[in-house]
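Position 139, counted from 1, in the sequence shown is what the working numbering calls 141; the numbers after and before it change by one each time, with no gaps.
Each remark here refers to the structure printed beneath this line.
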Amino acid sequence: MKPPPSAGHRKIIHLGMDDAIDPAARVELLALLREYTDLVEFTAADDAFLDITYNAFDIPFGARVAKMIKGDIKRQLGLGISLGLGPTKFIASVAMASARPDGLTIVRPEQVADFLADAPLDLLPGVGATTCQRLAAMGVANIGQLPGRAELARQFGQRGHRLWALAQGLDSDPVAPTEQPNRIGEEKTFDTPVYDREEMRDAVRAMAAVLSGRLRRRRLRGRLVSVEVLYPDIGEETRSSQLPDYTDAAQTLMAAGIELLRRTEVSTRGVRRLGLSLGSFSGEAAEQLNLFG
3 MKPPPSAGHR KIIHLGMDDA IDPAARVELL ALLREYTDLV EFTAADDAFL
53 DITYNAFDIP FGARVAKMIK GDIKRQLGLG ISLGLGPTKF IASVAMASAR
103 PDGLTIVRPE QVADFLADAP LDLLPGVGAT TCQRLAAMGV ANIGQLPGRA
153 ELARQFGQRG HRLWALAQGL DSDPVAPTEQ PNRIGEEKTF DTPVYDREEM
203 RDAVRAMAAV LSGRLRRRRL RGRLVSVEVL YPDIGEETRS SQLPDYTDAA
253 QTLMAAGIEL LRRTEVSTRG VRRLGLSLGS FSGEAAEQLN LFG
């Protein structure tokens, strides 16, 4: 087991979405990020923190990993993102803010003091308008002008110690991993309602092939196969089945999908949209992504 790195040697990425992201894309993004590290934490704003100090490719250069992640997200998901890389979550967040839109800012440990010197006070967590006014009254206009630890503690109590530590680039706040995605799926919307069963099976076959590739790239294997049907009259139906073994195989997904499709009413009602998904992922997937074992 590798020892935990000191704060100055950590490599933390803050990934910020430049566009809105829907739940399905969020699941896929989480799976993609876990190709690099299992230490992925989504925030309420659908930004994400990653600890890439020990990454799946054993690449010691944080900047290289950050560029790879940015390229993969653009190429595979078509999402615009901004990335900040730093030795702590706070530094990475400030770096990400400076990278918007669609940029990459890298702050190395020896660059922290210069990088934060002119940074606005409201970038500090928990510093709002009232605290900014109090600091302004002390002659403080930016992070670089913050007084020493003793004075901040005298003015703000325990919070002053925290503000001082953040301004020095000292922050041991860990990346808290987000749970494994519930499922990954594909869907096909037809231009006009489809009633031909062979055309439906062809759609399931194509979705199974694409889904299998996505699962294998992300090293995920699951057991719960689901087919979702949107009928031409806007009615919906979902059918699911539990496979005997975990799988990522296109042939298995296709066979299960076609059997589930047979249990729906598509033969009499037709279909406007089809979906095929896999869930109930194995613990093995998490073990394969465990970078500390």
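C-beta: ideal position from N, C-alpha, C; glycine also.
S279: member of the beta strand (DSSP E) spanning 273–283, first to last residue. In this structure, the CA atom of D173 is about 53 Å from the CA atom of Y233. A direct Cα-Cα distance of roughly 13 Å separates P103 from V96. According to the DSSP secondary-structure assignment, M19 is paired through a beta bridge with I83. Per DSSP, reduced to three states, the secondary structure at V177 is coil, with no helix or strand assignment. For P149, the secondary structure class from DSSP, reduced to helix, strand or coil, is coil. V212 places its beta carbon 9 Å or farther from that of G259. Below 8 Å, too few C-beta pairs join the region 201–220 and the region 238–245 to call them touching: fewer than three. For K190, the closest alpha carbon among the candidates A178, D116, C134, R203 is that of R203. Proximity to I186 across G18, A33, V142, A22 peaks at A33, based on C-alpha coordinates.
Closest in alpha carbon position to T194, among G272, G130, L154, is G272. Residue environment analysis places A50 among the buried positions, since at least 16 neighbouring C-beta atoms fall within 10 angstroms of its C-beta. Sequence-distant Cβ neighbours of F44 in its own chain, meaning closer than 6 Å and more than five residues away, are A50, T180.
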